[in-house]
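Contents: one structure, followed by commentary.
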Amino acid sequence: RSSIDQGMVAAVPELKSEADTLAWKREYHIRKREAEWKKKQDELLTQKQTAWEVQRLEKQNRLAAAREQARRKRMEERVQKKHQQVDREYRDKCREVQIDQRMEAWEKSQNAAILSKVVDAKEDDAKRKARLEVAKMAT
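According to my numbering, the sequence shown is numbered sequentially starting from 82.
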């Protein structure tokens with residue numbers, strides 16, 4: 082017998098007539114059905130609560146996974162931006178070195194051209210002075 086039956090049987094009163102017996106049996110069966118219904122409702126509630134808890138935990142896990150994925154994505158974007166920045170700085174530095182090298186080569190060629198013009202001018206000046214001296218002596 083179930084615990085419900087045992088609890089109800091223990092409380093069996095002394096019955097005087099068949100009507101009392103029928104009334105008691107009817108009340109007994111009503112209480113038994115109510116107890117079984119309550120037990121079933123409690124089980125259903127427990128199942129629902131368990132299902133709710135499982136859903137809550139699943140949602141919590143999905144949210145945690147989404148947060149982790151978003152965190153990883155942000156980190157990957159930061160790393161990618163840093164790589165791009167380093168690459169850009171490297172290219173800028175290479176460009177500056179090339180510009181400096183071209184500028185240095187241009188300055189050297191300009192200095193050589195200017196020096197050549199100065200030497201030519203000095204030679205022309207010396208030739209002119211020599212002609213003037215020759216002309217002075219000739220007169």
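Glycine residues also receive a C-beta, built at the ideal position from the N, C-alpha and C atoms.
- The DSSP-derived three-state label of residue 113 is helix.
- The alpha-carbon of residue 189 is positioned some 18 Å away from that of residue 201.
- If you draw a straight line from the Cα of residue 149 to the Cα of residue 156, it is about 10 Å long.
- The three-state reading of DSSP puts residue 220 in coil, since its state is none of H, G, I, E or B.
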